[in-house]
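So for the sequence shown, the numbering used here puts the first residue at 1; every next one is plus one.
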Amino acid sequence: MSPWADDVLVLTEENFEKEVGQDRGALVEFYAPWCGHCQKLAPENEKLGASFKKAKSVLIGKVSGTNVKIATLPSNVVVLNADNFDEVVLDETKNVFVEFYAPWCGYCKSLAPTYENVATAFKMEEDVVIANIDADKYKDLAEKYGVSGYPTLKFFPKGNKAGEDYDGGQSLDEFVAFINEQCGTNRDAKGQLTSKAGILSSLDALGKQFVAASIDERKTIYLKAAKSYLEKGADYPKKEIERLQRILDKSISPAKADELTLKKNSLSTFA
């Protein structure tokens, strides 16, 4: 049986996590077949689904609340407990940002959407982990790390697994700026690489190669660069940047977007 009901994707326990929270935006209606308001909305939802059915970047879906119980929405926040805390937080290869929260805490509930966005922004960074732990449930861990109020935010960088208190602002931009500064990353609030990403590392490698080379080798490097410009034209960097941007403007995977952004940033140095 097709999961599509006309032009709206029918979501179930089997396909919800596969379809929602991936590389496209999703508008999901949670409805009940007996609900009068839902019945009135149904034709409009079908029109909306028809309008976006061919769009790869948008999903219009619906979930019948009488048939399906979805425990949680997909999350990029790593959930810690007594069994995995040390394995995740004390990993010397990771920079780990941890929220110690309590389920009944109003401030924690208010912070939750922003914290999820922080985790989403850094989900492509392999050495950055955004995590949380129910400190009310795991009181021993909360006491061990000096947690006396909620939410308490601590940063466990690669070089200091004792943990550092985070006393900065709690807006998405402030969290992102802090993690970028501490971890050497270059992400914006949407999780995209900024214009700084890749430039310094690529120039540093080129500079080291040139300085370390002998006079004859330097001539070879220079001639190779000159030949590339002659073959492709002096406006090659500009044209290539424009081509890459056209691809980036389309719906592509986060990994591909990172790859192309790094290349575009490197080329911008010579454009």
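Ideal Cβ placement from N, Cα and C applies to all residues, glycine included.
For residue i, the three-state DSSP class (helix, strand or coil)
i	result
residue 24	coil
residue 92	coil
residue 134	strand
residue 194	coil
residue 86	helix
residue 179	helix
residue 106	helix
residue 128	strand
residue 261	helix
residue 14	coil
residue 64	strand
residue 156	strand
residue 118	helix
residue 188	coil
residue 173	helix
residue 277	Given that the chain is displayed from residue 1 to residue 271, the structure contains no residue 277 and the question cannot be resolved.
Contacting residues, own chain, Cβ-Cβ under 7 Å from residue i (five flanking each side not counted)
i	result
residue 173	189
residue 247	260
residue 101	108, 132, 134, 135, 150 and 151
residue 165	154
residue 253	23
Close beta carbons around residue i, own chain, < 6 Å, minus the five adjacent residues each side
i	result
residue 27	60
residue 56	251
residue 194	186 and 188
residue 49	7, 8 and 60
residue 94	127 and 129
residue 178	168
residue 66	32
residue 44	none
residue 200	Caution applies to residue 200, whose pLDDT of 49 falls short of 50 and renders its modelled position unreliable; the value that the coordinates give is listed next. None.
residue 196	186
Counted within 10 angstroms of its Cβ, other Cβ atoms place residue i as buried (16 or more) or exposed
i	result
residue 183	buried
residue 79	exposed
residue 83	exposed
residue 139	exposed
residue 29	buried
residue 249	exposed
residue 81	exposed
residue 162	exposed
residue 146	exposed
residue 255	exposed
residue 235	exposed
residue 180	buried
Distance between beta carbons of residue j and residue i, contact taken as under 8 Å
i	j	result
residue 141	residue 85	6 Å
residue 175	residue 98	The pair is not a contact, with the Cβ atoms about 13 Å apart (cut-off 8 Å).
residue 96	residue 131	6 Å
residue 21	residue 121	No, residue 21 and residue 121 are not in contact; Cβ-Cβ is about 14 Å, not under 8 Å.
residue 77	residue 116	6 Å
Residues near residue i by beta carbon distance below 8 Å, same chain, minus five either side
i	result
residue 158	92, 93, 94, 95 and 127
residue 25	57, 58 and 59
residue 41	29 and 31
Contact test: residue i Cβ vs the ligand FAD heavy atom, cutoff 7 Å
i	result
residue 42	Among the components of this structure there are no ligands whatsoever, and the ligand FAD is therefore not found.
request  = Assess, as a yes-or-no matter, whether the stretch 53-64 is touched by the stretch 150-166 under the definition of 3 or more beta carbon pairs within less than 8 Å.
outcome  = no
inquiry  = Measuring CB atoms only, is the stretch 123-130 touching the stretch 163-173, in the sense that at least three cross pairs come out at less than 8 Å?
reply    = no
query = Three or more beta-carbon pairs under 8 Å between the stretch 78-94 and the stretch 105-117, yes or no?
reply = no
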